[in-house]
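First comes the structure, then the notes that go with it.
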Amino acid sequence: MTGPRFTDLVASLPASVPFVGPETQERARGRPFRARLGANESLFGPSPRAVAAMQEAARETWKYGDSQNHDLRAALAADLGVAPENVMVGEGIDGLLGYLVRMLVGPGDTVVTSAGAYPTFNYHVVGFGGFLQMVPFAGDHEDPDALIARARAVGAKLVYLSNPDNPMGSWHPAERVQQMIEAVPDGTLMILDEAYIEFAPGGTAPPIDPDDPRVIRFRTFSKAHGLAGARVGYAIGAAPLIAAFDRVRNHFGMCRISQAGALASLSDPAWLAEVKAQVAAARDRIASIARENGLTPLPSAANFVTVDCGADGDFARAVLAELARRDVFVRMPGVAPLDRCIRVSAGPEDHLAVLAEELPAALAAARG
Ligand SMILES: Cc1ncc(COP(=O)(O)O)c(C=O)c1O
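This note's numbering puts the sequence shown at residues 1 to 368.
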């Protein structure tokens, strides 16, 4: 009997996952976390309007969702000042990144990103046989000049920048990002991942030029809108590129309940403003917890704070493990020298109080 005959590409892929989810960790530990501060979800939850709309839509789930995401695309387009033809809705940024990579990257094609930047993007590139070229961060920032120089040197199909950045929480002002867009070499498409843009100071997002073929931007309902489990993201780009998603996407992949929740959330800007205020306060609280313990919080334009533990990756990994042992879920960057840090998601006081309570003992244990 022969087993399934995988393609050569799939047979060659590592059996790795970009992130081990908190539930997986809880099953392995045999008990739940008390503070869920690792996945940059919005612990402040979705808008009550979104919840009501999703409850209502639950009754209608015998119907497939609208395969064109018509209403949500129209509402997003109106919000962004672009045409619906410039917007594609999909199963989170993660899902859309997969479609984009499938469209543009074949075996042997080169893609440029930063060492330590968002790993799910890398996972898709490798999954379609692409070759990753990584440039180092400049300090705690992604380095637009180095990214462009490398993309030019290797003839990259794609170059990836996240602004604000995950995992460091750093950001570049709009002018710097626009300069990067202007410098994108011929034949390269820039991915501007703006998953955290709602939390950034004004002047972080360059103006949207919907006809610019050099860049595609990604945003999500997973962060500020508190709908990570609903899996709704969107891409903004030139109409021909956006239309090309129809060649590869899962046309009925969007959940009807999720479509309703996202649409309702867009109509509740007051909720978004409230969440942003809560996130700003939580960032301050995380920063003071870090300082009280002799650690250095990095400035953040996202819904998390990256905390420099003041030593090497082994020490930060030990802190992370000791926090997990004390039922606190946080994550950390995967690549040196960024891995001297742990990354703590913003959350309400009951979660942050657990962090404040457990961090001193976790640090002491990590110091041995
Ligand atoms: C930089 C970045 N991009 C994309 C995502 C995933 O977004 P989504 O939930 O829309 O797939 C995340 C989530 O942590 C992220 O940090």
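From the three backbone atoms N, C-alpha and C, an ideal C-beta is built for every residue, glycine too. None of the values given here were measured: they were computed from a predicted structure.
Taking C-alpha positions only, proline 210 is separated from proline 240 by approximately 11 Å. Isoleucine 257 carries a helical assignment under DSSP once its states are collapsed to helix, strand and coil. For tyrosine 118, the CB contacts under 6 Å within the same chain, skipping 5 residues up- and downstream, are Ser162, Asn166 in chain order. Between glutamate 194 and alanine 183, the C-beta gap is not smaller than 8 Å, which leaves the two residues out of contact.
Not one heavy atom of ligand 1 is found less than 7 Å from the C-beta of glycine 45. In the three-state scheme derived from DSSP, where H, G and I count as helix and E and B as strand, serine 12 is classed as helix. In this structure phenylalanine 329 is in contact with alanine 35, their Cβ atoms being roughly 7 Å apart against a cut-off of 8 Å. Residues of the same chain with a CB within less than 7 Å of the CB of glycine 38, apart from the 5 flanking positions on each side, are Pro22, Phe329, Val330, Arg331, Ser345 in chain order. Classified as exposed, phenylalanine 252 has fewer than 16 neighbouring CB atoms from the shown chains inside 10 Å of its CB. By the Cβ criterion, the segment 223 to 231 is in contact with the segment 250 to 266, since at least three pairs of Cβ atoms, one from each stretch, lie closer than 8 Å. Here isoleucine 216 really is in contact with alanine 235; their C-beta atoms are around 6 Å apart, less than 8 Å. For arginine 326 and glutamate 358, the gap between their C-alpha atoms comes out near 7 Å. Separation of arginine 317 and proline 46 (C-alpha to C-alpha, rounded to the nearest whole angstrom) is 32 Å.
C-alpha of leucine 13 to C-alpha of tyrosine 160: approximately 22 Å in a straight line.
If you draw a straight line from the Cα of alanine 83 to the Cα of aspartate 145, it comes to about 31 Å. Taking alanine 151 as reference, the option from Leu43, Glu142, Gly187 with the minimal CA-CA separation is Gly187. Excluding five sequence positions before and after lysine 157, the CB atoms of its chain that fall closer than 8 Å to its own CB belong to Leu104, Val105, Asp109, Thr110, Val111, Gly130, Gly187, Thr188, Leu189, given in chain order. Residue environment: phenylalanine 6 is assigned as exposed (fewer than 16 neighbouring CB atoms within 10 Å of its CB, all protein chains considered).
Per DSSP, glycine 90 lies in no alpha helix (DSSP H) segment; the continuous beta strand (DSSP E) that holds it begins and ends at 87 to 90.
Membership of aspartate 308 in the beta strand (DSSP E) is indicated by the continuous run 304 to 308.
By the 16-neighbour rule on beta-carbons within 10 angstroms, asparagine 303 is buried. Short note on aspartate 145: C-beta not closer than 7 Å to any heavy atom of ligand 1. If you draw a straight line from the Cα of glycine 294 to the Cα of glycine 368, it comes to about 16 Å. Counting of Cβ neighbours within 10 angstroms places arginine 247 among the exposed residues, the total staying below 16. Its chain contains Gln259 as the residues whose beta carbon lies nearer than 7 Å to that of aspartate 66, once the 5 sequence neighbours on both sides are disregarded; these appear in chain order. Ranked by Cα distance from leucine 263, the first of Ala52, Gln278, Gly30, Asp314 is Ala52. Buried is the label assigned to leucine 76, since at least 16 other Cβ atoms lie within 10 Å of its Cβ. Residue range 349 to 367 is occupied by the alpha helix (DSSP H) that includes leucine 352.
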